[in-house]
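Everything in the first sequence is counted per this note's numbering, starting at 17 for the first residue and increasing by one.
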Amino acid sequence: MSRYNFQETEPKWQAAWSEHRCFASEADPARPKYYVLEMFPYPSGRIHMGHVRNYTMGDLIARYKRARGFNVLHPMGWDAFGLPAENAARDQKIHPASWTYDNIVVMRAELQRMGLSLDWERELATCHPGYYAQQQRLFLDFHKAGLAYRKEAFVNWDPVDHTVLANEQVIDGRGWRSGALVEKRKLSQWFLKITAYADDLLAALPKMERWPDKVRLMQENWIGKSTGAYVHFRIDGSNDKQTIFTTRPDTLYGASFMALSPDHPLSDKAAKSDPGAAAFIAECRAAGTSEAVIEAQEKRGYRLKLDALHPFTGKKLPVFIANFVLMEYGTGAIFGSAGHDQRDLDFARKYGLEVIPVVLPPGEDPATFKVDDVAYTGDGTIFNSDFLNGLPIEEAIRKAGEKLQEIGAGEATTIYRLRDWLVSRQRYWGCPIPMVHCGDCGIVPVAAKDLPVLLPDDVTFDKPGNPLDRHPTWKHTTCPDCGKPAQRETDTFDTFVDSSWYFARFCSPRLEDEPVDRAAVDYWLPVDQYIGGVEHAILHLLYSRFFMRAMHLTHHADLDEPFAGLFTQGMVLHESYKDDAGKWLYPEEVDKQPDGTALHMDTRRPIEIGRKEVMSKSKKNVVPPARIIETYGADTARWFVLSDSPPERDMEWTEAGVEGAWRFTQRLWRIVTGWIADHPSLCKPADRAALAAADGAALVLRRATHKAVAGVTDDIEKFRFNRAVARIYEYANALAEVKERDLADAGGLAARREAMETVTLLIGPAMPHLAEELWQRLGHGTLLAETAWPLADSKLVIDETATVAVQVNGKLRATITLPRDVDKAEAERVAVAEPAVVKALEGKPVKKVIVVPNRVINVVA
RNA sequence: GCCCCUGUGGCGGAAUUGGUAGACGCGCCUGACUCAAAAUCAGGUGGAUCACAUCCGUGCUGGUUCGAGUCCGGCCAGGGGCACCA
């Protein structure tokens with residue numbers, strides 16, 4: 017019997033799909049649409065296993081939904097701006113554009129080898145002027161709507177990449193790409209006003225039912241809503257006021273000091289006349305912000321020659337600059353209530369300040385309760401607090417807020433941790449920010465007729481810094497308003513701007529003069545199923561949610577949430593290997609021994625097998641998808657990444673696993689083509705009358721078929737691809753067990769014909785090439801890619817009998833077969849008569865019998 | 001420190017959501033075919049006592065229930081997110 021020849025078969029069907037434009041999509045309001053999207057790749061050079069896993073899942077959904085009759089949009093593009101292109105330009109003397117476009121060519125070919133059902137006619141690259149011109153247009157619309165602004169602020173400066181970073185891109189005090197310690201610099205930068213939607217972005221989360229709880233929770237924490245109050249403190253001997261934010265206005269009577277951030281304007285002002293303050297501020301700035309530094313750092317302060325006046329009592333509170341107060345949160349100033357906040361307590365002890373407990377824990381005596389080294393943050397009732405005395409915390413918070421409002425010393429408020437999105441980058445390979453700096457007119461948007469602002473080609477990367485800024489001519493222009501000489505903005509956009517609307521651009525990727533076509537967006541959006549890595553849970557997914565709202569405001573769309581369903585898939589892991597010199601080795605250099613140890617392929621020296629880790633170039637534990645596809649074919653690779661591990665969990669890549677998948681493709685090939693060879697005359701649709709009349713072994717087979725259809729369908733709908741794979745294995749096992757002589761009559765033949773077609777259809781979304789080939793060999797002149805998904809006959813999905821477990825006192829003693837839904841009395845009668853049950857009862861009287869229909873009977877003695 | 005998730009055979013993982021624990025795959029063992037190997041096919045495979053039969057068994061521990069991998073309380077371990085957030 018012939019073996020399945022994927023080298024020939026896979027390209028053949030890829031060409032056929034392309035020729036028939038099977039996956040081209042067109043808006044059609046008469047048909048229900050389904051938009052499947054996988055996070056588009058950065059064109060780094062080659063696709064990796066993470067891509068294979070991601071795109072296989074997306075493709076399975078796309079093919080399945082197409083077979084269910086949906087008008088499917090499944091596009092692909094390139095997140096093509098970014099720093100690696102500039103680094104490559106510097107290191108290899110290649111222009112970032114050619115490096116990027118060359119990579120795209122390679123990666124597109126690799127994706128096409130996977131047989132993905134993509135609409136390549138909609139392909140886009142964010143570095144293409146056709147894309148970024150529209151991004152500039154969108155930005156100008158946002159600017160007009162008040163969502164974009166430029167301001168001077170302390171920003172995160174990455175000294176290695178020579179650019180500023182958004183808050184979201186600083187991880188543990190370091191740049192997310194370079195790993196360099198981030199410095200605070202005061203610079204004038206462009207921001208997008210994401211905070212305008214803080215509450216809306218938060219409020220919508222509970223309604224996003226098809227998003228993972230984990231991601232919603234992460235966004236909720238990131239937005240960081242806190243309810244509390246602003247409190248205005250007058251400064252003694254002046255008319256100045258200082259406002260602080262607190263979540264605990266109920267502890268105001270415990271106030272013993274006020275503390276300002278070193279970056280606070282008032283600190284700055286004090287430093288001008290107080291060298292001690294200036295020195296303290298400089299010291300604070302010098303200290304890092306990493307977790308380790310913060311952990312080790314003690315609470316320190318500098319006493320200013322200022323006192324704040326308590327809003328309720330008028331008591332004088334000393335004002336400090338303190339190293340633990342953040343300018344970025346609240347108002348950059350706090351009041352210290354030492355009894356009920358650990359930091360405040362540590363600080364108060366160090367500087368000999370008062371500790372006034374104002375929350376009495378339940379059961380404590382107000383006369384004797386004291387706070388020593390541990391602040392009391394638990395529940396209790398207020399004391400030592402005049403009009404708040406005796407109130408529980410909740411009520412005291414409310415009452416304190418009312419009182420503040422009444423005397424004009426503050427008000428209840430809500431604040432967010434979320435900061436506005438800093439989008440300027442001092443880099444070349446990005447979308448130019450379409451603004452002009454005019455000496456007379458200030459900052460002026462580029463006129464619509466002058467768009468796009470194109471990147472110049474002739475740039476150099478031999479020096480650090482922004483090539484656009486030092487380009488001899490590019491930045492010189494004229495003011496769109498007054499016509500005088502002016503300068504272009506030389507910053508480019510953060511690449512996360514590019515990826516915040518590409519899903520909308522896919523609806524009309526070739527449109528000129530407008531970012532999106534409203535009719536197309538109205539039809540296709542939202543994305544019905546978005547699939548990607550959980551590492552984008554905050555950055556990309558939050559920015560995109562903001563962009564959708566901004567596009568709504570600027571009339572480019574009529575919805576707020578871009579992704580109705582989100583699935584975050586796990587990563588692909590592989591063992592790592594080190595030789596006896598401690599050098600990392602590639603998997604193909606390793607010869608695994610049967611006893612679990614490993615030797616070097618060439619040197620035969622022992623190798624240490626390391627942990628299963630995320631595939632990474634630095635640890636060399638990578639398997640190039642291209643090699644796997646060459647060796648085993650795309651279908652086998654696709655089948656393996658879907659098997660075994662649940663899609664949301666990390667999976668381990670193993671050679672044995674791929675070989676298992678390979679064996680299955682061959683086995684399936686043998687089962688179906690073997691049957692075809694034996695029954696050439698039956699290569700036509702199954703005889704419906706014979707099917708309906710099938711009984712005996714034929715009926716058993718039909719039941720297996722329809723159970724498989726129902727099960728696989730359910731599993732795909734629920735994203736349980738590993739379970740769907742297991743069901744197909746079970747079904748294939750059932751087909752292999754079929755005996756020729758039991759199924760030789762008309763009903764048997766029809767049932768087998770039905771089974772062969774069904775198994776082919778069921779593997780279609782996962783192994784499309786093999787399925788297409790089998791489909792043709794089963795005598796079909798049409799493409800399986802254009803064939804409807806099979807429907808399960810519900811009568812055949814449920815068996816006529818049920819295997820019921822019989823327990824005695826909760827322990828399994830026998831299993832019996834009963835007619836489905838037999839009445840309880842009859843079930844009980846059969847169960848109690850069962851010899852094993854009688855034996856287990858040991859003559860004891862039966863107290864009661866619990867019968868769960870079709871499942872279990874528990875005899876209690 | 002706060003929040004969240006996960007603990008099931010040698011391994012990846014199933015378990016109709018409170019009802020026969022270990023589906024399916026990998027690995028391993030036995031047999032068939034073969035000069036031999038590969039491939040393929042058939043069978044076996046949670047642990048313990050030789051087997052029958054019987055116990056034990058879902059991180060630990062207590063509970064609810066006729067019945068718990070699943071629910072509740074308390075621990076332990078691993079992973080993730082946030083973090084001087086006032």
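Note that the Cβ used here is the ideal one computed from N, Cα and C, for glycine as well.
(request) Just tell me which of 736, 268, 130 and 567 has its CA closest to the CA of residue 414. (result) 268
(message) Let me check one thing: in DSSP terms, what residues is residue 858 bridge-paired to?
(response) None, per the DSSP bridge assignment.
(request) Tell whether a beta-carbon distance below 8 Å holds between residue 469 and residue 496. (result) no
(message) Do residue 648 and residue 685 count as a contact pair if the criterion is CB distance below 8 Å?
(response) no
(request) Compare the beta carbon distance of residue 572 and residue 631 with 8 Å and say whether it is the shorter of the two. (result) no
(request) Using a threshold of 8 Å, state whether the C-beta atoms of residue 559 and residue 426 are closer than that. (result) no
(message) Output needed for residue 701: all residues of its chain with C-beta closer than 6 Å, excluding positions within five of it in sequence on either side, in chain order.
(response) none
(request) Measure the C-alpha to C-alpha separation of residue 89 and residue 131 and round it to an integer number of angstroms. (result) 16 Å
(message) Just to confirm my understanding: we take residue 41, look at its own chain, exclude 5 residues before and 5 after, and list those with CB closer than 6 Å. What are they?
(response) 89 and 135
(message) Whole angstroms are fine: how far does the CA of residue 278 sit from the CA of residue 284?
(response) 8 Å
(message) I'd like the ranges of any beta strand (DSSP E) spanning at least 3 consecutive residues and lying wholly in the stretch 17-88.
(response) 49-54
(request) Using beta-carbon positions only, say whether residue 168 and residue 202 come within less than 8 Å of one another. (result) yes
(request) Name the residue from 93, 92, 91 and 113 whose alpha carbon lies nearest to the alpha carbon of residue 100. (result) 113
(message) To the nearest angstrom, how far is the alpha carbon of residue 670 from that of residue 25?
(response) 25 Å
(request) Below 8 Å on the Cβ atoms is my guess for residue 387 versus residue 371; work out the distance and round it to an integer in Å. (result) 6 Å
(message) Using CA atoms only, rank isn't needed, just tell me which of 320, 355, 353 and 741 is closest to residue 338.
(response) 320
(message) Using 8 Å for Cβ pairs, my map puts residue 442 next to residue 360. What's the rounded Cβ distance?
(response) Not a contact, Cβ separation roughly 39 Å.
(request) Between the Cα of residue 96 and those of 346, 731, 124 and 815, spot the shortest distance and give me the residue it belongs to. (result) 124
(message) Using a 10 Å radius around the Cβ and a threshold of 16 neighbouring Cβ atoms, would you call residue 15 buried or exposed?
(response) This structure cannot speak to residue 15, because the chain is shown only from 17 to 877.
(message) Checking 8 Å against the spacing of the C-beta atoms, do residue 231 and residue 205 come in under that value?
(response) no
(message) Below 8 Å on the Cβ atoms is my contact criterion, and I expect residue 529 with residue 498 to pass it. Report the Cβ-Cβ distance as a whole number of Å.
(response) No, residue 529 and residue 498 are not in contact; Cβ-Cβ is about 26 Å, not under 8 Å.
(request) Put residue 398 into one of helix, strand or coil per three-state DSSP. (result) strand
(message) Can you give me the C-alpha to C-alpha distance between residue 780 and residue 641, rounded to a whole angstrom?
(response) 21 Å
(request) If I'm right that residue 352 touches residue 261 with Cβ under 8 Å, what's the distance once you round it to whole angstroms? (result) Not quite, the Cβ-Cβ distance comes to about 14 Å (not below 8 Å), so this is no contact.
(request) May I ask which residues mark the beginning and end of the beta strand (DSSP E) holding residue 591? (result) 588-595
(message) So, for residue 505: in the same chain, excluding its five sequence neighbours on each side, which residues have a beta-carbon less than 6 Å away from its beta-carbon?
(response) 449 and 451
(message) Suppose the cutoff is 6 Å on Cβ atoms and the five residues either side in sequence are ignored; what does the same chain contact list for residue 435 look like?
(response) 183
(message) Taking the beta carbon of residue 637 as the centre, do at least 16 other beta carbons fall within 10 Å, making it buried, or is it exposed?
(response) buried
(message) Quick check on residue 645: does DSSP put it in helix, strand or coil?
(response) helix
(message) Does the structure place the stretch 471-487 close enough to the stretch 154-167 that three or more beta carbon pairs sit under 8 Å?
(response) no
(request) Evaluate the contact criterion for the stretch 601-615 versus the stretch 553-568: three or more CB pairs, one atom per stretch, below 8 Å. (result) no
(request) Classify residue 532 as helix, strand or coil using the three-state DSSP reduction. (result) coil
(request) Would you mind reading off the limits of the beta strand (DSSP E) that contains residue 874? (result) 872-876
(request) Measure how close the beta-carbons of residue 728 and residue 778 come, nearest whole angstrom, since I'm counting them as under 8 Å. (result) 5 Å
(request) Ignore the nearest five residues each way along the sequence and tell me which others in residue 574's own chain have a CB closer than 7 Å to its CB. (result) 538 and 568
(request) Put residue 339 into one of helix, strand or coil per three-state DSSP. (result) coil
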